[in-house]
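Take a look at the structure below.
Residue numbers (this note's numbering): 415 to 788.
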């Protein structure tokens, strides 16, 4: 029987397992030297002289970024209508409101032009999302923000290792947040990071990360703000260090697998079924084509069931955020964002992870082409 092929699976080798075991044996398993080492290594990898603080999640990093940017009640943040719900949820959690902008049908990214059309009198920040690891064109976004006095909080949850014309995402710009969830290109099991240019914001980030606790030179503890608890453990950081050492290898393999997907599918399916391929800087967190289920004559649920019967896992990344119940109740209408709405209805996430073989890709393509009659 053919093994089941999930849509993602982390690559964890024996060295990584050994490093985690060493931390467990050390007696110091929470935030400590491994976290400090991971932050230093991430800063070196990303480049640009940036500062890095790791967190328990990218969601926590995004919320902290909003708070240190001073975003709160009465403010508005512009967020792409196609992203994971966390991008918008964190805006609500700090008491601000969300204004959505539509995305490119194939890029799944919002542009500076789309942000510019949506800026209003209460807008205080822009949140570009590097969807699936494809870089947003950041120079015009940053220039737009500078003209209007806005902060830019990049949701780079999908984009660790993504490059944009020779610069890694995170090595420039304002506040950039990464994810190390198990389905991302590198993992700390759960985790994330905030990357930022100004050391003057370090103290505020650390207060938000650890209960608002400040210590004086004698180690006396005070609480100076109602901070949260987002500190990463050394156990997680030890895994992350091993993952980071192999990240370039992982991303290279993802690009090889994507090459096979396009080799097989591009001649057989319409161009708008496939996401924008981008250039060599694309880190390919996921591969999520669109399938026109209305014209195919069956539902996405049925497609996923049929793929599963063939031993192939399929995900959905993502429903359009304005279509979710929470945001409908707040008055958002997905019809106002036609590209995001179509993506949300037609997207399927096909298997993509470094342990796959080219034969695995062929198996997925054969099944997709059979089920779509191509």
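Where is the CB? At the ideal position from N, CA and C, for every residue including glycine.
Asked: Between 538, 549, 548, 513, which lies nearest to residue 532 when the distance is taken from Cα to Cα?; Found: 513
Asked: Mind the definition here: the segment 772-779 touches the segment 738-755 only if three or more C-beta pairs lie below 8 angstroms; say whether that holds.; Found: no
Asked: For residue 722, count the other beta carbons within 10 Å of its own beta carbon; 16 or more makes it buried, fewer makes it exposed. Which is it?; Found: exposed
Asked: For residue 622 versus residue 426, is the C-beta spacing smaller than 8 angstroms?; Found: no
Asked: Rounded to the nearest angstrom, what separates residue 487 and residue 466 at their Cα positions?; Found: 27 angstroms
Asked: Measure how close the beta-carbons of residue 599 and residue 664 come, nearest whole angstrom, since I'm counting them as under 8 angstroms.; Found: 6 angstroms
Asked: Is DSSP giving residue 471 helix, strand or coil here?; Found: coil
Asked: Could you check if residue 666 is buried or exposed, using at least 16 other CB atoms within 10 Å of its CB as the buried criterion?; Found: exposed
Asked: Check this for me: beta carbons of residue 619 and residue 591, under 8 angstroms apart or not?; Found: no
Asked: Could you tell me which whole beta strand (DSSP E) segments of length 3 or greater appear in the segment 557-585?; Found: 565-570
Asked: Between which two residues does the beta strand (DSSP E) containing residue 537 stretch?; Found: 537-540
Asked: Note down, one range per segment and in chain order, each beta strand (DSSP E) of at least 3 residues found wholly within the segment 591-674.; Found: 606-610, 627-629, 635-637
Asked: Label residue 715 either buried or exposed according to how many other C-beta atoms from any shown protein chain fall within 10 Å of its C-beta, with 16 as the threshold for buried.; Found: exposed
Asked: Starting from the C-beta of residue 661, find all residues in its chain whose C-beta is less than 8 angstroms away, skip the five residues before and the five after it, and write them out in chain order.; Found: 459, 574, 575, 599, 600
Asked: Going by other Cβ atoms of all chains shown within 10 Å of its Cβ, with 16 needed for buried, is residue 803 buried or exposed?; Found: Because residue 803 is not part of the residues shown, which for the chain are 415 to 788, the question remains open.
Asked: Please determine if the segment 444-454 and the segment 645-662 are in contact, where contact requires at least 3 C-beta pairs separated by less than 8 angstroms.; Found: yes
Asked: Quick check on the DSSP output: the alpha helix (DSSP H) that includes residue 447 runs from which residue to which?; Found: 447-460
Asked: Can you tell me whether residue 418 is helix, strand or coil according to DSSP?; Found: coil
Asked: Check whether the Cβ atoms of residue 754 and residue 504 sit closer than 8 angstroms, and answer yes or no.; Found: no
Asked: To which residues does DSSP link residue 513 through a beta bridge?; Found: 492
Asked: Just tell me which of 484, 546, 688 has its CA closest to the CA of residue 731.; Found: 546
Asked: Which two residues bound the contiguous alpha helix (DSSP H) that contains residue 503?; Found: 500-507
Asked: Residue 610 and residue 589: beta carbons closer than 8 angstroms?; Found: yes
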